[in-house]
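>
In our numbering, the protein residues as written are 200 to 589.
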């Protein structure tokens, strides 16, 4: 693994589950994270640091679930284990996800004490009807209160998540909400189109014909939202992500740039790549009882509670394009050569040339490198491009 490392930490507990959510989490109506989970997680973090010889931390991302349910003591325990014997890079980024109705002056002070310098908050909508129908824990009032708390008490980076076209959302309500969001000047905005996943409440309602949803209208709304954000001085730098200058999410760039990351926590995923271009990916067991029992009670760590897969060379190459072309900045032939010991295949270059004729791709050459990108319009057809290069 590279000397400078990124770590993802999963906190799979929620007070309630949103109707569209397909991430691994469990409802805990007691509104706290069990201490035995924190103990198990800390033991795994210690093990992973030793396993991968971690000496420098580049990025940390605590996701969920709802990490803002952690108590101050629990967060400090996790951070103490994280930072023990570790040097932080000069541009160290530490992100934690929060639910709006957990946001308070005390919570934000707790984050600062633990070196957190970036918050990702799931606002999702400023339409009360949408929030209620989607099963969001925070109402419009609580969303606005969270935004005010950020304005008053948080001086570091802030990313806000929005879902475009939730049931009940109109063009007028969405764009008004987006305008309101921008008035708080977050450094980063993630704007997603709603996807209806099979094993969610929305997915089951859709299957039974009890949820009516216009995907084309939602896509149109997303495009209008993108136009508004770009006119509001936000750079569209990845399929669903916008930021002010220099405020890209560096942790997510690790994924998109085909770099190593360590995944910890029940359901957490990690990936490491080898010098020959192949790799290995693991996903921790999403059975909480099994996860906790193993990391608290096991003496022998030979059979880790995880599912692993080898990433062969062809898969690794495809993932390089699949993830790298999500970025507006595209992919570098120089990086491809460094990773795989060869130039980008002519078949793929020909595909870029064809798409360039239709203004859906750009090829930029200089003395040192050639950069291939689908640009802000071609990126909307990423899946079609990937199908052509398989």
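Idealized CB from N, CA, C, for every residue including glycine.
1) Looking at C-beta atoms only, is the number of pairs between the segment 496-509 and the segment 479-487 that lie closer than 8 Å three or more?
2) Compute the beta-carbon to beta-carbon distance between residue 392 and residue 418, rounded to the nearest angstrom, for a pair I have assumed lies under 8 Å.
3) Thinking just about the alpha-carbon of each residue, which of 295, 529, 550, 213 is nearest to the one in residue 563?
4) Would the beta-carbon of residue 464 fall within 8 Å of that of residue 210?
5) Note down, in chain order, each residue of its chain lying with its Cβ closer than 6 Å to the Cβ of residue 443, except the 5 sequence neighbours on either side.
6) Considering only residues of the same chain and omitting the five flanking positions on each side of residue 532, which have a CB-CB separation below 8 Å?
7) Express the C-alpha separation of residue 394 and residue 357 in angstroms, rounding to a whole number.
8) Nearest by alpha-carbon distance to residue 428: which of 452, 458, 451, 359 is it?
9) Between 511, 399, 247, 332, which has its C-alpha nearest residue 221's C-alpha?
10) Can you tell me whether residue 225 is buried or exposed, with buried defined as 16 or more other CB within 10 angstroms of its CB?
11) Roughly how many angstroms lie between the CA atoms of residue 265 and residue 213, to the nearest whole one?
12) Give me the DSSP bridge partner(s) of residue 481.
13) Considering only their Cβ atoms, is the gap separating residue 472 from residue 522 smaller than 8 Å?
14) In angstroms, rounded to a whole number, what distance separates the CA positions of residue 396 and residue 219?
15) Give the straight-line distance between the Cα atoms of residue 187 and residue 312, rounded to the nearest whole angstrom.
16) Give the DSSP bridge partners of residue 434, in chain order.
17) Is it buried or exposed for residue 249, if we count other Cβ within 10 angstroms and need 16 for buried?
18) Taking DSSP as the reference, what is the three-state secondary structure of residue 273?
19) May I have the straight-line CA-CA distance separating residue 553 from residue 581, to the nearest angstrom?
In short:
1) yes
2) 6 Å
3) 529
4) yes
5) 386
6) 542, 543, 568, 569, 570, 571
7) 24 Å
8) 359
9) 399
10) exposed
11) 5 Å
12) 469, 507
13) no
14) 7 Å
15) Residue 187 is absent from the structure shown; the chain starts at 200 and stops at 589.
16) 442
17) exposed
18) helix
19) 14 Å
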